[in-house]
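Here the sequence shown stands for residues 1 to 142, where the numbers follow the UniProt record's numbering.
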Amino acid sequence: MKRICFVCLGNICRSPMAEFVMKKLDTKHQLEVESRATSNWEHGNPIHKGTRAIFDKYAIPYDSKKRSQMITTKDLEDFDVIIGMDEQNVRDLLDLSAGHFDDKIALFREGGVPDPWYTGDFEETYTLVKTGCLDWLNKLGS
Ligand code: 4NP
1 MKRICFVCLG NICRSPMAEF VMKKLDTKHQ LEVESRATSN WEHGNPIHKG TRAIFDKYAI
61 PYDSKKRSQM ITTKDLEDFD VIIGMDEQNV RDLLDLSAGH FDDKIALFRE GGVPDPWYTG
121 DFEETYTLVK TGCLDWLNKL GS
């Protein structure tokens with residue numbers, strides 16, 4: 001069982017979207033999936049209503065108790081693959097890794113996923129997240 005972690009700035013928009021989209025796509029239950037933030041800005045806060053609206057619209061089950069949580073070095077140790085949703089997230093993850101876990105850290109997709117916190121376009125986020133998760137599932141699944 002591979003343990004994977006999606007990571008974005010706030011852990012309320014993009015990375016929880018990727019977490020629960022991936023859990024739905026992973027019908028063979030090949031992955032353990034979680035998500036984290038690179039910042040503590042939203043610590044303890046629930047998933048953004050824009051992301052929850054996408055879950056409802058596309059019938060994606062999610063944990064309504066999920067709260068924003070900042071990534072730690074212990075997480076870098078524990079997860080097999082740590083996936084930053086954009087280039088800045090990857091740079092921040094590499095800073096935290098300080099050379100110890102660099103080979104586990106990857107970018108979600110070329111060009112990253114624009115932050116809907118700023119764009120307001122959660123549909124665009126969903127399109128990119130769904131395609132990206134399918135690619136990752138093909139890469140990581142058996
Ligand atoms: P996320 O979006 O990184 O996709 O969860 C953001 C959420 C909150 C903030 C920025 C981005 N913020 O500035 O609080």
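Cβ coordinates follow ideal geometry from the N, Cα and C atoms, glycine included.
Since the structure is predicted, the reported quantities are computational estimates derived from the model, not experimental observations.
Can you tell me which of the options puts its alpha carbon nearest to the alpha carbon of residue i?
i	options	result
Trp136	Met85, Glu124, Ser97, Tyr118	Met85
Val33	Ala18, Ile47, Asn45	Ala18
residue 144	Glu110, Tyr118, Lys104, Trp41	No statement about residue 144 is possible, as the shown extent of the chain runs from 1 to 142 and does not include it.
residue 218	Val7, Asp102, Lys2	The displayed coordinates of the chain run from 1 to 142. Any statement about residue 218 would go beyond what the structure contains.
Thr51	Glu87, Leu31, Trp117, His29	Trp117
Trp41	Gly10, Ile60, Val81	Gly10
Do residue j and residue i count as a contact pair if the criterion is CB distance below 9 Å?
i	j	result
His48	Ile71	no
Asp92	Thr125	no
Arg109	Thr131	yes
Ile83	Phe101	no
Gln30	Gly99	no
What do you get for residue i, buried or exposed, if any count of 16 or more other CB atoms within 10 angstroms of its CB means buried?
i	result
Gly120	exposed
Lys139	exposed
Lys23	buried
Ser68	buried
Asn89	buried
Gly44	exposed
Tyr58	exposed
Asp95	exposed
Point to revise | Distance cut 6 Å, beta-carbon to the ligand 4NP heavy atom: residue list by chain order | key: In chain order, the hits are Cys8, Leu9, Gly10, Asn11, Ile12, Cys13, Arg14, Trp41, Glu42, Asp115, Trp117.
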